[in-house]
Structures are given as C-alpha cells and as structure tokens.
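Read the structure below first, then the notes.
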Amino acid sequence: MRIPANLVACAFAVSMVTTPVFALERPRLVLQITVDQRRGDLVKRELDRMGHGGFRYLLDKGVVYIDAHHAHANTETIVGHATLATGAYPSAHGMIGNVWYDRKLGRLVYNIEDPDYPILSADAGVDQSGEIDPTQRVAKSDGRSPKAILTSTFSDEMAIHYGPKSKIFAVSVKDRGAVSMGGHAGKAFWFSKKAGKFITSKFYYEKIPYWVAKWNARRLPFAYAGTSWELLLDRSSYRNADLDDQPYETNLPGFGRVFPHPYGPADGKLFTTLVTTSPAGDELTVSFAKALLEAKNLGQDDVPDYLSVSLSSTDYVGHLFGPSSLESEDQILRLDRTIADLLGFVDEHVGLDKTLIVLSADHGAADPPGYLNMLGIPATYINPGAWNTVPGLVRIAKRFGLEDKKLISSYFHPYIYLNREAIKEAGVSQGDVEAAVAEEVMKLPGVGFAVASSALATGAYPDLPLIRSVLRNHNPARSGDVFVVFEPHSFINDFDGLTVAAHHGSPWNYDTFVPLIFAGHKLEARTVARRVHTVDLAPTLAALLGTKPPSGSAGKPLLEVIESARD
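Heads up, the sequence shown is in this note's numbering, so the first residue is 694 and it goes up one at a time.
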C-alpha cells in the first residue's frame, strides 16, 4: 500500500523533533532567567558597554530569536510568567491578570494568594504600608501557593518525568515571579519587603530551611542602608545622560528623580522598597540563587535539576522612570554584570556546557508619553476611574434602569467589572448591558477596542489578530465583563494613587516583544528572524529534556534549538 505523501511529510517532521531527545546528552541543570519588563529591542541597545559574560555571552553563543512575542492581550507580570512556565495561553492556565474578580468571594483577588498556606516568617506578614505595587495590596492574606494555576508547568513535567531526585526551585523578588515558575511540584522563594529577607510559604515547607535562615542572617539588604544608587560609569558615556530629571518620572519620597538615588536608613518606611526598585534587587536575588544552588547541590548528578531566576528590578525601574531613562540605562548595564556573575557561578559549580539556559521576559514596555511627545510621537494617559460619569455611560445606566446604581463596579486593567447584582435585580440581560457598555467605551478618547465577554463566549467577533489575542486571555470563570484595549501609546499612569511614568499590559508590539535566547549545553549559535511566540518556550524545553509537554501547552518545539542541540 502506498503511504500518502502528506503522511510521509508529517512523519518526517515528527522525527525531526523527537530524534534529538534520545540522541542528546541531558543537561544537568535547566537555568531559566526571566527579566521582568525587558522589551526585545532593549537587549542590545547598551551592548557596546557590556562585558563578555552576561548578555553578550548569551547573544554570541546562543540560539537567538529576534522576533519573539507574547500572543495574549494582557501583558502583565503573572500572565507572562505563567505563559513562559506552562506553554499555555492565559485562557488555559488561568492567570488572566495580576488580579481578577472572584465572583464566589465577591472581591478582587491577587493571583497567587492562598490563606491555606501562610508564609513561614513571623516578621514578614501582611503590611502594605511600604508597598508601591497596587496588585499586591489586593491580597487579603499573606498566604501564597500555585494552586490557582490551572495547568502544569515545564518544571512540573520534569518532576513527573524524572521523579523526586529532580530538584526544582524558583527565586524572585516578586512572589508571583517565583511561585509561577516553581510550579506545583517545585519550591519557591521571594523577597519580603516588610522583613527584608527571602521567604516562602507553608505550601512548600513546614519551616524555613536552615540555609535560607543562614542567608537571611547575613542581612545583606541592609548593607545598602545609608548608601545610594550611583551611576556605574562616567555620566558622559550614557546615551540618556541629559534625561536624568524629567517631569513625567516618579518622585518617590527620599529617592528622587536624579542620580544619586539614596536608599535612606535601614529603618526607613520605604527602605526595602527602594532597594528592590534599583539594581540592588537583582543583585540580592542572584546572591540568594547562588546560595540555593550551592546548598541544594543543583546540577551535580545525571538527573536534571531546574532553577528559575526571575529578575524584577527592570520592571520597577521602568515603571518609575521609563525604559529610555538614564535610570533604566544604568540598571541594564548593572544587570548585565549581575547575570554574568550568575553564569560564572553556574559555570564554576555545574559547567555551562552541562547547563541549558533560556532567557526571556514576561512582557515588554512602552515609553512614557512625555518621552514620546518630545520626539513628536502622539501619546497620552487615560483615567478609567472617571468613566462612570461619562454622559454616554450615564445614559446606558438609565436605559437599563440602573440610574440609581453604580454601573461600573470597578476597572482593574484590562477589565471593566459591571455591577452584576444591580443588573440582576433590574431584570435585564447581562449580555445586553455588556454589549452596550463595550460599544460606548469604544467612543472614549484613547480606547481602541472593547469587547463584551459574553460576545467572546459566543464567537460573535471576526477572526482577526487582535480578537485572537483577547480570546487567548479569556477565561470565563475569571475574566471581567468587558475587555478594554487602549489605542497604541495610550496608557494608565495611576497605580492606586501613585503616578508612574510608564506602563504595560496591551497587545501592541511594544508590550508583547520580548527576548528569547537558548544557550549553554553545547548549543550552536545562530540567529533566527522568523516570528515565534512565548508559548513555544516550554514545549521546546520539554523536547530537549524528553518530558511530555505541559498539560495546557499550545506552543510547538522550536526546531532551530532542537537542530542546534542535535548538531
């Protein structure tokens, strides 16, 4: 019997992916580095002043994808981290935003909060007085776990495939940056701004491990007390030297808008916040990761281990000053040295030839309107908090008998949450109200698109790229009532009372474009220009390690990496 040509082609394609899994020597360590808010074009912008052990090593020695994007519409921290970890879209892994409205609890919830698993450090409980991240302030409990992540992660699949001898750890300043990557089977550690130490929760341990207590006892964060964030190089060498004091930059009390940025005394209200809102946050994260790697003997046997290091400071600095600020320029130069320090340590203790490295980002970032306006590019800020008083929405409320009620309960990007209880009491259709609100919101300045969740559920919209990205973000149990997409270069700058310079969270290229680099483990260097997506990262690691893809994975193994490893 003649085998159809298309089946032969399919079989050949499958063999191209699966054969290297059995031919390759397995890495002893998978090191996944995630740089929070690192837009794809910014990886090389400061390369001329970087050394050879950090970004330059990855770019020169790795498989580099120069057109990698997140394919979902809400480009926020937990959404991107979970996508990198699972290879799934938010619609499947469930992390549709840093917060969402839990209709059973009747309130907004923080993505990984879990009262069943309190943190283990007595002095690191809930205290948001010095917290500048409004999503954190939504949490009603200090408990944290990955239970809200609905699919498996790549690290989970390593644990399933290799068993308990495969050691799996994740570290970050941000709790969501660690918990998401550690998955359900690994261990996660993050930084407590209240206590000035790395912590974990009862989901992972019954008590703080000795080596963690030992690192915390060194009180390394407090070594920055009384010092300042200074420029690494001579000011004249910086491209953004003349942009050090801009009116759109955030002026945190005591930190200021110009170099040097003082950290203040150790007992200052914002001290640990300021430390993490600078290159020091990444330095501390890598210091802790090195202690973890050594204490747990990662990469020391033939059973592969996993270490995720999520570096958060780029995000904080970008929000406060913008990605094209002098602060961001200095931050990335310092981050290059910090990554070089990490890779050098891994090389010494494991060997880079035995370590599979992958670097990406949870999202990109937009430049502030003030910066864009200087270049003649139209850009503006939007205030959704005032939408309830917009005449058109007032008319909609009256039309549905809701004139005495608050039509919009809240807006938490990118979702409008309607007053469902009032809509139900009025006896009108939830879908009709959603559709009317979406239509009216699209008339507002700065809004490019708004779509009713009920319409997404019925497939009432045409199959267009923007619609697909919104659909990938839609989870019926968690998504809000109307998804809002702002026009390009239109942003929110109010973080619950704190005015920030720059934001992210859109489906536009400046937010979706991220680096994607695979290196180490004897990979042959190459640059790839075709468009790929971040959902491809986890299945590529799965193919290289011989595990099955994560349960909700929608991506495909990247053949250039597979072929590079095979060669």
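Think of the CB as a built atom: it goes at the ideal place given N, C-alpha and C, for glycine as much as any other residue.
As the structure is a computational prediction, the values presented were derived from the model and not from experiment.
Grab the span of the alpha helix (DSSP H) containing Lys737 for me, first residue to last. Unbroken run through Lys737: none, as it is neither H nor E.
By Cβ distance, which residues of its chain are closer than 7 Å to Arg1171, with the 5 residues on each side in sequence left out? So the qualifying residues of the chain are Gly787, Ile789 and Trp793.
Open item on the list: Using a Cβ-Cβ cutoff of less than 7 Å, which residues in the same chain neighbour Phe715 once the five nearest sequence positions on both sides are dropped?
Closed with: Residue placement at Phe715 cannot be trusted, given a pLDDT of 39 that sits under 50; the coordinates are not used to answer.
Report task. Could you tell me whether the segment 904–916 touches the segment 924–939, using the rule of 3 or more Cβ pairs below 8 Å? Result -> With the cut-off at 8 Å, the segment 904–916 and the segment 924–939 do not touch.
Give every residue of the same chain whose Cβ lies closer than 6 Å to the Cβ of Pro1077, excluding the five residues on either side of it in the sequence, and list them in chain order.
For Pro1077, where only same-chain residues beyond five positions count, the Cβ hits under 6 Å are Tyr1104.
### Message
Could you tell me the alpha carbon to alpha carbon distance between Ala988 and Asp868, rounded to whole angstroms?
### Response
The C-alpha of Asp868 is placed about 21 Å away from the C-alpha of Ala988.
task: Please confirm if the segment 1097–1111 is in contact with the segment 1043–1059, defined as three or more CB-CB distances below 8 Å between the two stretches.
output: Using a Cβ-Cβ distance cut-off of 8 Å, the segment 1097–1111 and the segment 1043–1059 are not in contact, since fewer than three pairs of beta carbons, one from each stretch, lie closer than that value.
Q. If you check the beta carbons only, do Gly992 and His1042 fall under 8 Å apart?
A. Yes. Within cutoff.
Would you check if the segment 1144–1159 and the segment 1016–1030 touch, i.e. whether three or more CB-CB distances between them fall below 8 Å? The segment 1016–1030 is not in contact with the segment 1144–1159.
- [ ] Name, in chain order, the residues that DSSP records as bridge partners for Asp795.
- [x] Note: Asp795 sits in a beta bridge opposite Arg800.
So, at 8 Å on beta carbons, what are the nonlocal neighbours of Thr970 in its own chain, with the 5 sequence-adjacent residues on each side left out?
These residues qualify, in order along the chain: Ile825, Leu945, Phe948, Ser1006, Tyr1009, Val1010 and Leu1013.
query: What distance in whole Å lies between the Cβ atoms of Gly1139 and Ser1199, which are believed to be in contact at a cut-off of 8 Å?
result: Not quite, the Cβ-Cβ distance comes to about 11 Å (not below 8 Å), so this is no contact.
Checklist line | Cβ contact (3+ pairs, closer than 8 Å) linking the segment 972–988 and the segment 1220–1228 | finding: Too few Cβ pairs lie closer than 8 Å, so no.
Of the residues Leu986, Val1083 and Ala778, the one placed nearest Thr1233, counting alpha carbons only:
It is Ala778.
* To do: Using only alpha-carbon positions, find the residue among Ala775, Ala1194 and Ile1025 that is nearest to Pro940.
  => With distances taken between CA atoms, Pro940 lies nearest to Ala1194 out of Ala775, Ala1194 and Ile1025.
Under DSSP, the alpha helix (DSSP H) around Trp908 begins and ends at which residues? Taken as a continuous stretch (DSSP letters only), the alpha helix (DSSP H) holding Trp908 covers Tyr903 to Ala910.
Practice item. With DSSP collapsed to three states, give me the class of Ser929. Key: Three-state result, Ser929: helix.
**OP:** Go ahead and label Glu899 buried or exposed: buried means 16 or more other beta carbons lie within 10 angstroms of its beta carbon, across all protein chains shown.
**Re:** The residue in question, Glu899, is exposed, as its Cβ has fewer than 16 Cβ neighbours within 10 Å.
Suppose you measure from the CA of Asp1174 to the CA of Ala1145; what does that come to, to the nearest Å?
Approximately 6 Å between the Cα atoms of the pair.
Between Trp883, Val1177, Tyr803 and Asp809, which lies nearest to Gln649 when the distance is taken from Cα to Cα?
Absent from the model: residue 649. The displayed extent of the chain is 694 to 1260, so no value can be given.
Q) What is the rounded straight-line gap between the Cα of Ile1109 and the Cα of Asp795? A) Rounded to whole angstroms, the separation of the alpha carbons of Asp795 and Ile1109 is 14 Å.
Just the C-alpha distance for Arg749 and Leu1164, rounded to the nearest angstrom, thanks. Arg749 and Leu1164 have their C-alpha atoms roughly 37 Å apart.
Self-check item: Status (buried if at least 16 other CB within 10 Å, exposed otherwise) for Trp904
Solution: In summary, Trp904 is exposed, with fewer than 16 beta-carbon neighbours lying within 10 Å of its beta-carbon over all protein chains present.
Exercise. Might you give, ordered along the chain, the residues of its own chain that have their beta carbon closer than 6 Å to the beta carbon of Lys880, omitting 5 neighbours on each side?
Key: If we look at Lys880 and ignore the five residues flanking it on each side, its Cβ neighbours are Phe862 and Tyr897.
task = Name the residue from Leu752, His877, His763 and Met743 whose alpha carbon lies nearest to the alpha carbon of Lys895.
result = Ranking Leu752, His877, His763 and Met743 by CA distance to the CA of Lys895 puts His877 first.
**Message:** On the CB-based measure, 16 or more other CB atoms within 10 Å of its CB, does Ser1003 come out buried or exposed?
**Reply:** So Ser1003 counts as buried.
Take the Cβ of Ala1218 as the centre, count every other Cβ of all protein chains shown within 10 Å, and call the residue buried at 16 or more, exposed below. Exposed is the label assigned to Ala1218, since fewer than 16 other Cβ atoms lie within 10 Å of its Cβ.
* Asked: Ile1255 and Ala1235 look like a contact to me (Cβ under 8 Å); what is the Cβ gap, rounded to whole Å?
  -> The pair is not a contact, with the Cβ atoms about 11 Å apart (cut-off 8 Å).
Requested in this report: Determine the burial state of Val951: buried for a count of at least 16 other Cβ atoms within 10 Å of its Cβ, exposed for fewer.
Outcome: With fewer than 16 other Cβ atoms inside 10 Å of its own Cβ, Val951 counts as exposed.
The beta strand (DSSP E) with Gln725 in it runs from where to where? Taken as a continuous stretch (DSSP letters only), the beta strand (DSSP E) holding Gln725 covers Leu722 to Val728.
Whole-angstrom C-beta distance between Leu924 and Asp1023, which should lie under 8 Å: Contact flag correct, Cβ pair sits at about 5 Å.
To which residues of the same chain is Thr1227 closer than 6 Å at the C-beta, ignoring the five residues directly before and after it? His763, Thr776 and Leu777, listed in sequence order.
In angstroms with no decimal places, state the Cα-to-Cα distance between Tyr1064 and Thr965. Per the coordinates, the alpha-carbon of Tyr1064 lies some 29 Å from the alpha-carbon of Thr965.
Rounded straight-line distance, which links the Cα of Pro783 to that of Asp1040: Computed Cα separation, rounded: 35 Å.
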